[in-house]
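Below: the structure, in structure tokens.
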Amino acid sequence: MATRRWWLYLLPSLVLFAVVIVGPFLMNIAASFTKWSGVGTPRWVGLDNYARLLEDERFWASFQNNVALIVAMAVVPTVLGLVLAAVLFDLRGRSSVVLRALYYLPQVLPVAVAGVVWRWMLHPDYGAINELTGLDLNYLGDPDLALATVMAVMVWFQLGYPLVIFMAGLGRADPALKEAASIDGAGWWRRFWHITLPQLRPEIFVVLVTCTIAALKVFGPIFVLTRGGPSDATLVPSYFSYLNFFTKLDVGYGSAIATVLALVIVVVTALFLRAQERP
Numbered sequence: 001m002a003t004r005r006w007w008l009y010l011l012p013s014l015v016l017f018a019v020v021i022v023g024p025f026l027m028n029i030a031a032s033f034t035k036w037s038g039v040g041t042p043r044w045v046g047l048d049n050y051a052r053l054l055e056d057e058r059f060w061a062s063f064q065n066n067v068a069l070i071v072a073m074a075v076v077p078t079v080l081g082l083v084l085a086a087v088l089f090d091l092r093g094r095s096s097v098v099l100r101a102l103y104y105l106p107q108v109l110p111v112a113v114a115g116v117v118w119r120w121m122l123h124p125d126y127g128a129i130n131e132l133t134g135l136d137l138n139y140l141g142d143p144d145l146a147l148a149t150v151m152a153v154m155v156w157f158q159l160g161y162p163l164v165i166f167m168a169g170l171g172r173a174d175p176a177l178k179e180a181a182s183i184d185g186a187g188w189w190r191r192f193w194h195i196t197l198p199q200l201r202p203e204i205f206v207v208l209v210t211c212t213i214a215a216l217k218v219f220g221p222i223f224v225l226t227r228g229g230p231s232d233a234t235l236v237p238s239y240f241s242y243l244n245f246f247t248k249l250d251v252g253y254g255s256a257i258a259t260v261l262a263l264v265i266v267v268v269t270a271l272f273l274r275a276q277e278r279p
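Shown next, in the form of structure tokens:
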């Protein structure tokens with residue numbers, strides 16, 4: 001009889017999920033079909049907000065910037081994390097532990113704190129980067145440099161996560177395969193490419209899907225570093241939705257942006273999961 005009541009243990013989390021996630025998401029979808037300033041009675045406009053999205057150049061530009069951030073937050077950290085994890089795993093010892101902690105440190109820093117520190121370092125007048133390099137660049141204020149600068153900061157911020165995941169994956173890998181390959185004369189790179197990478201395939205998929213989702217919904221670093229500027233050079237969908245919600249008080253349009261972004265995340269996640277199931 002007790003075994004039939006297993007669902008009672010899930011009930012608190014299901015209720016919390018329904019109240020915090022499902023309820024607001026459905027309300028957001030409903031609001032996306034309205035014209036509403038956040039107060040008063042919403043006015044039903046049907047698909048007008050979505051039709052407006054198709055013609056909004058800022059919306060499409062924000063997704064282009066998002067693709068660049070996927071490269072910075074998912075692709076580059078995954079590649080660098082794989083190489084660094086393999087090197088640190090072979091290094092072992094106290095130095096490996098210290099380096100691992102240093103790489104992971106940005107992950108435990110609050111986004112606001114890390115962003116403010118980077119703004120100080122990148123400031124065109126008194127920033128440490130210009131002082132050390134002897135340059136006179138406005139990294140976050142120049143439309144030609146802002147996106148590349150944010151991408152570099154996000155690589156620094158994101159690198160520790162895949163590194164730790166891959167280090168854990170290497171811990172379960174069979175060391176006999178690498179030893180046998182080494183005896184046969186295989187160099188470090190060949191052992192890494194033919195032995196390490198295939199054994200880390202599950203971890204690679206986990207890192208890619210989680211980092212891609214994080215890049216698609218990135219908000220905090222953009223808010224702290226650039227506020228989507230200059231000239232929309234670093235505008236992303238999540239921040240564009242925020243602008244429409246709280247600056248322009250166009251809740252219906254902001255909800256439409258958020259709904260499309262959520263659907264994109266669901267589709268991307270489904271594609272990753274389907275690719276993972278392939279042999």
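Under the working numbering, the first residue of the sequence shown carries the number 1, and numbering increases by one thereafter.
The beta-carbon is built from N, C-alpha and C at its ideal position, and this holds for glycine as well.
query, result
"How far does the alpha helix (DSSP H) with Ala180 in it reach, from first residue to last?", "175–183"
"What are the residues that DSSP puts in a beta bridge with Trp44?", "Thr34"
"Thinking just about the alpha-carbon of each residue, which of Leu273, Tyr50, Arg227 is nearest to the one in Tyr242?", "Arg227"
"Can you tell me whether Phe245 is helix, strand or coil according to DSSP?", "helix"
"For my contact list, Phe205 and Gln276 are in at a C-beta cut-off of 8 Å; report their separation, rounded to the angstrom.", "5 Å"
"Assuming contact is defined by CB atoms lying nearer than 8 Å, are Thr78 and Leu208 in contact in what I supplied?", "yes"
"Around the C-beta of Lys248, are 16 or more other C-beta atoms found within 10 angstroms, so that it is buried, or is it exposed?", "exposed"
"Output the distance between the C-alpha atoms of Lys35 and Phe246, rounded to the nearest integer angstrom.", "14 Å"
"Which first and last residues belong to the alpha helix (DSSP H) in which Leu271 is found?", "251–277"
"In whole angstroms, what is the alpha-carbon distance linking Phe219 and Gly187?", "42 Å"
"At what residues does the alpha helix (DSSP H) containing Leu170 begin and finish?", "160–172"
"What separation, rounded to the nearest whole angstrom, lies between the Cα atoms of Ile213 and Val266?", "9 Å"
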